[in-house]
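Student:
Protein chains: 2
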Amino acid sequence: MMSSIHDVCGSVLSHIPGVGSSASPEHGKVLCVGLACLDSIHVVKTFPVEDTDVRCVSVRLQRGGNASNNCTVLSQLGAPCEFLGTLSKKQYLSVVVDDFKAYNICINNCIYYEACDAPMSVVIISQTTGSRTIIHSNKNLPELTLDDFKKLDMSQYSWIHFEGRNVEEVVSMIELVEFWNENHISEHDRGHGLGHKALPISIEIEKPRAEMQDLIPWADVLFIGKDFAEFCGCTNMSETLKKIAQDAKPNATIISAWGEQGAMARGHDGTVVQSPAFCPHKVLDTLGAGDTFCGAAIFGLSRGKSLQDSIILGCQIAGIKVGMDGFAGLDKACNHIMYGSGEL
Amino acid sequence: MMSSIHDVCGSVLSHIPGVGSSASPEHGKVLCVGLACLDSIHVVKTFPVEDTDVRCVSVRLQRGGNASNNCTVLSQLGAPCEFLGTLSKKQYLSVVVDDFKAYNICINNCIYYEACDAPMSVVIISQTTGSRTIIHSNKNLPELTLDDFKKLDMSQYSWIHFEGRNVEEVVSMIELVEFWNENHISEHDRGHGLGHKALPISIEIEKPRAEMQDLIPWADVLFIGKDFAEFCGCTNMSETLKKIAQDAKPNATIISAWGEQGAMARGHDGTVVQSPAFCPHKVLDTLGAGDTFCGAAIFGLSRGKSLQDSIILGCQIAGIKVGMDGFAGLDKACNHIMYGSGEL
Numbered sequence: 001m002m003s004s005i006h007d008v009c010g011s012v013l014s015h016i017p018g019v020g021s022s023a024s025p026e027h028g029k030v031l032c033v034g035l036a037c038l039d040s041i042h043v044v045k046t047f048p049v050e051d052t053d054v055r056c057v058s059v060r061l062q063r064g065g066n067a068s069n070n071c072t073v074l075s076q077l078g079a080p081c082e083f084l085g086t087l088s089k090k091q092y093l094s095v096v097v098d099d100f101k102a103y104n105i106c107i108n109n110c111i112y113y114e115a116c117d118a119p120m121s122v123v124i125i126s127q128t129t130g131s132r133t134i135i136h137s138n139k140n141l142p143e144l145t146l147d148d149f150k151k152l153d154m155s156q157y158s159w160i161h162f163e164g165r166n167v168e169e170v171v172s173m174i175e176l177v178e179f180w181n182e183n184h185i186s187e188h189d190r191g192h193g194l195g196h197k198a199l200p201i202s203i204e205i206e207k208p209r210a211e212m213q214d215l216i217p218w219a220d221v222l223f224i225g226k227d228f229a230e231f232c233g234c235t236n237m238s239e240t241l242k243k244i245a246q247d248a249k250p251n252a253t254i255i256s257a258w259g260e261q262g263a264m265a266r267g268h269d270g271t272v273v274q275s276p277a278f279c280p281h282k283v284l285d286t287l288g289a290g291d292t293f294c295g296a297a298i299f300g301l302s303r304g305k306s307l308q309d310s311i312i313l314g315c316q317i318a319g320i321k322v323g324m325d326g327f328a329g330l331d332k333a334c335n336h337i338m339y340g341s342g343e344l
Numbered sequence: 001m002m003s004s005i006h007d008v009c010g011s012v013l014s015h016i017p018g019v020g021s022s023a024s025p026e027h028g029k030v031l032c033v034g035l036a037c038l039d040s041i042h043v044v045k046t047f048p049v050e051d052t053d054v055r056c057v058s059v060r061l062q063r064g065g066n067a068s069n070n071c072t073v074l075s076q077l078g079a080p081c082e083f084l085g086t087l088s089k090k091q092y093l094s095v096v097v098d099d100f101k102a103y104n105i106c107i108n109n110c111i112y113y114e115a116c117d118a119p120m121s122v123v124i125i126s127q128t129t130g131s132r133t134i135i136h137s138n139k140n141l142p143e144l145t146l147d148d149f150k151k152l153d154m155s156q157y158s159w160i161h162f163e164g165r166n167v168e169e170v171v172s173m174i175e176l177v178e179f180w181n182e183n184h185i186s187e188h189d190r191g192h193g194l195g196h197k198a199l200p201i202s203i204e205i206e207k208p209r210a211e212m213q214d215l216i217p218w219a220d221v222l223f224i225g226k227d228f229a230e231f232c233g234c235t236n237m238s239e240t241l242k243k244i245a246q247d248a249k250p251n252a253t254i255i256s257a258w259g260e261q262g263a264m265a266r267g268h269d270g271t272v273v274q275s276p277a278f279c280p281h282k283v284l285d286t287l288g289a290g291d292t293f294c295g296a297a298i299f300g301l302s303r304g305k306s307l308q309d310s311i312i313l314g315c316q317i318a319g320i321k322v323g324m325d326g327f328a329g330l331d332k333a334c335n336h337i338m339y340g341s342g343e344l
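Keeping their order, the protein sequence lines are chains D and F.
With the UniProt record's numbering, letter number 310 in the first sequence gets 310, and the count goes up by one each step, no holes.
With the UniProt record's numbering, letter number 307 in the second sequence gets 307, and the count goes up by one each step, no holes.
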């Protein structure tokens, strides 16, 4: 059963550049930078034992990739959004592109490669546990470059989110956004009410790889996945927040989500807030649950909600997602949370 | 290291219809009836733990399916052969058809379906153990029918092998072969040296399903896989041979192969012969090892080799196969066995 959010309270994140309770209803796009891939999803009764031969219950192809999934969630929650990444023209392009269009996600600035294989994940979903086991392959599709990123018109966006990959180039892209913020930040943000707002930068760090640590100092909002936290030697969310804060920007917001343990976050002033997980009656499909949490929390933060409200929203929407197959219909399934209480 | 076969001795299987030491070098085709599918092969360092996210070492597409693999092996050993089954025109047809052609396997009598999905197996191969874990899906491709089978010109073949599936129709097909044998069996086979030889029928029973038991009484040569043997309550090869003999034709040859335990077989007179497994220095890829054993043993038997020589050949060729990725080059790798001693 879903928990209630009646007891939620929290403070407005006015320390995040460009975000505040006064956020206008005419929002710029949320830009999510990272990977789009094809997920070949194989639903089995139970996760197979090594060296056996089992039969699928069902198979489906689904657009996947973290930043791509973030957009799927943001769009369904009502945020105009854009995916930026590289795409293969050689394989499955129409499957991926048609699905972006079906979810009203802008891909106008994506970079296409003719002769490269499409990144692909085989995903085994267990009907018994809802677990998703991912075997990813990416043979030769190049990563996004700084030059690709330079072509963007930054004034279109209200938030820029990076998936933690392609570290060196992503750092250069963030430097470019910071430069843009320095040169276009409004007098309003300086107290005079004119021009643009500064673009907040969020980064999701999930993969347990050492180079990901280099991304920590660059974000206004950090999403730290359980795998990376454990890789850093942390055994719980509380430790994760403390550990990551040592290397993060002084004013950074740090969010740690640990699946069925819910999420915990540390605000710019060190205040820690928490949300339980909201488990559905039956867990069906946990593929993209972390991406859903992240997308929904960004939605909350970018609309000026408090840090606590935002992570609760993330956990609630992720809880709804894991109770359904894929992402189709998430918008309708979330209606009672988004509009039922009139809070968002 | 490969074991030697110098100590091999065995008796000619003159009880199998159409087979004897006098087999002519102008052999009819071996027909293998069953499934061709596309194997999407994902090589990983170690088999993934449930609910983790791992990266492939490599990915490849390969034509698979038991009967299809049997043909790959038979053809490389030098036997003219034909695959008979249904194929999807909707997906991956050229991948499958081109590969059949590359291995010189006749598919002239295959049945094509326009709007059905191609059967597909996701195969996870562990570099650490060489294990192959198969997740198979077959959404809606129809099985071969008796009417499809009726169109064959039986006089082209020297052996008919059935993969254990589609049980009811396969039994009808075998009845048709038996009818053909009754009506076309040569005076030679009756002792007068004219006309056709009777067509031997082999069946591979691998899948642990109750309906497979209905196939047991229909074969001249039975290949009983470990999974089916265990499903029948057998704990070793010796028990398997005794158990299956209770329901098999009185003169049937029964072959039981148990991977790294090698193979054991029971001839028409109850004599039991055995072969060890021939493990390569490093096991790389066990996908299709059972199909390789089966194809190579059929090759031996159909060329009039003894039961013992045939199962030793099966184990040797399967041992070579698991030491390499896929099937390409199996012919060259087997040269020293096939022609080195001049025995075959």
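Positions of the beta carbon are idealized from the N, C-alpha and C atoms, including for glycine.
Please read all numbers here as calculations on a predicted model, not as lab measurements.
How about D:A265 and D:F293: are their beta carbons less than 8 Å apart?
Tutor: No, these two residues do not count as a Cβ contact at 8 Å.
Student: Please list, in chain order, all residues of the same chain as F:Y113 whose beta carbon is under 8 Å from its beta carbon, the five residues on each side excluded.
Tutor: The residues are T86, L87, S88, K89, K90, L141, P142.
Student: Which residue wins for smallest C-alpha separation from D:H42, given the options D:H27, D:S58, D:V33?
Tutor: Ranking the options by Cα distance to D:H42, first place goes to D:S58.
Student: Is D:F179 buried or exposed, if buried means 16 or more other CB atoms sit within 10 Å of its CB?
Tutor: Label assigned to D:F179: exposed.
Student: If the cut is a Cβ gap below 8 Å, which residues of chain D does F:R132 touch?
Tutor: Ordered by position in chain D, the residues that pass the 8 Å Cβ test against F:R132 are D51.
Student: Any contact between the segment 47-55 of chain F and the segment 310-324 of chain F? By contact I mean 3 or more CB pairs, one from each, below 8 Å.
Tutor: Counting Cβ pairs under 8 Å, fewer than three are found: no touch.
Student: Can you pull the chain D neighbours of F:S126, defined as C-beta to C-beta under 9 Å?
Tutor: Correct list: E50, D51.
Student: Under the rule that 16 or more other beta-carbon atoms within 10 Å means buried, what is D:D220, buried or exposed?
Tutor: Buried is the call here.
Student: Alpha carbon to alpha carbon, how far is F:N70 from F:G290? Give it in angstroms, no decimals.
Tutor: Distance between the alpha carbons of F:G290 and F:N70 is about 9 Å.
Student: Starting from F:W159 and walking both ways along the beta strand (DSSP E), at which residues does that stretch end?
Tutor: Taken as a continuous stretch (DSSP letters only), the beta strand (DSSP E) holding F:W159 covers 157-163.
Student: Let me check understanding here. Comparing Cα to Cα, which of F:W218, F:D269, F:I224, F:T235 lies closest to F:K249?
Tutor: For the residues F:W218, F:D269, F:I224, F:T235, the minimum Cα distance to F:K249 belongs to F:W218.
Student: Rank F:S68, F:S40, F:L74 by C-alpha distance to the C-alpha of F:L61 and give the top, closest one.
Tutor: Nearest of F:S68, F:S40, F:L74 to F:L61, Cα basis: F:S40.
Student: With 9 Å as the C-beta to C-beta threshold (strictly closer), list the residues of the segment 286-312 of chain F near chain D in chain order.
Tutor: Within the segment 286-312 of chain F, the qualifying residues are T286.
Student: Which residues of chain F have a Cβ atom closer than 7 Å to the Cβ of D:I135, listed in chain order?
Tutor: Correct list: H42, V44, P48, V54, C56, I124.
Student: Name the residues in the segment 56-71 of chain D whose C-beta lies less than 7 Å from a C-beta of chain F; which are they?
Tutor: So the list reads C56, V59, given in the order they occur along the chain.
Student: Could you spell out where the beta strand (DSSP E) holding F:K249 opens and where it closes?
Tutor: That residue, F:K249, is in no beta strand (DSSP E); it is neither H nor E in DSSP.
Student: For D:C32, which residues from the same chain have a beta carbon less than 6 Å from its beta carbon, with the 5 sequence-adjacent residues on both sides left out?
Tutor: Cβ within range, chain order: A67, N70, C71, F83, H161.
Student: Any idea if F:I174 is buried or exposed, counting beta-carbon neighbours within 10 angstroms, 16 or more meaning buried?
Tutor: With 16 or more other Cβ atoms within 10 Å, it is buried.
Student: Put D:D98 into one of helix, strand or coil per three-state DSSP.
Tutor: Reduced to three states, the DSSP call for D:D98 is helix.
Student: Quick check on this structure: which residue in D:V122, D:N138, D:N109 has the alpha carbon closest to the alpha carbon of D:Q156?
Tutor: It is D:N109 whose Cα lies nearest to the Cα of D:Q156.
Student: How about F:L152 and F:E169: do their beta carbons lie closer than 8 Å?
Tutor: The answer is no: Cβ separation not under 8 Å.
Student: Assign F:T129 to buried or exposed, taking buried as 16 or more other Cβ atoms, counted over all protein chains shown, within 10 Å of its Cβ.
Tutor: Classification of F:T129: exposed, given that the 10 Å Cβ count is below 16.
Student: Can you confirm whether F:K29, when its beta carbon is compared against all beta carbons of chain D, has any partner nearer than 8 Å?
Tutor: So, not an interface residue.
Student: Alpha carbon to alpha carbon, how far is D:Q261 from F:E260? Give it in angstroms, no decimals.
Tutor: Rounded to the nearest angstrom, the two C-alpha atoms are 44 Å apart.
Student: Of the residues that make up the segment 138-160 of chain F, which ones have a beta carbon closer than 9 Å to any beta carbon in chain D?
Tutor: Of all residues in the segment 138-160 of chain F, N138, K139 have a Cβ within less than 9 Å of some Cβ in chain D.
Student: If we require 4 or more residues per run, which alpha helix (DSSP H) segments fall completely within the segment 179-235 of chain D?
Tutor: Taking only runs of at least 4 residues, the alpha helix (DSSP H) segments lying wholly in the segment 179-235 of chain D are 226-231.
Student: Would D:T46 pass as a contact of D:S158 if the rule is Cβ separation under 8 Å?
Tutor: No; because the gap between Cβ atoms is not below 8 Å, this pair is not in contact.
Student: For F:A245 and F:I255, which I take to be in contact (beta-carbon distance under 8 Å), what is that distance rounded to the nearest angstrom?
Tutor: Actually they are not in contact, since the Cβ atoms of F:A245 and F:I255 sit about 12 Å apart, beyond 8 Å.
Student: Between D:L74 and D:I224, which are expected to be in contact by the criterion C-beta below 8 Å, what is the C-beta distance as a whole number of angstroms?
Tutor: Wrong, their Cβ atoms sit about 20 Å apart, outside the cutoff.
Student: Taking C-beta to C-beta, are F:L35 and F:E163 nearer than 8 Å?
Tutor: The answer is yes: Cβ separation under 8 Å.
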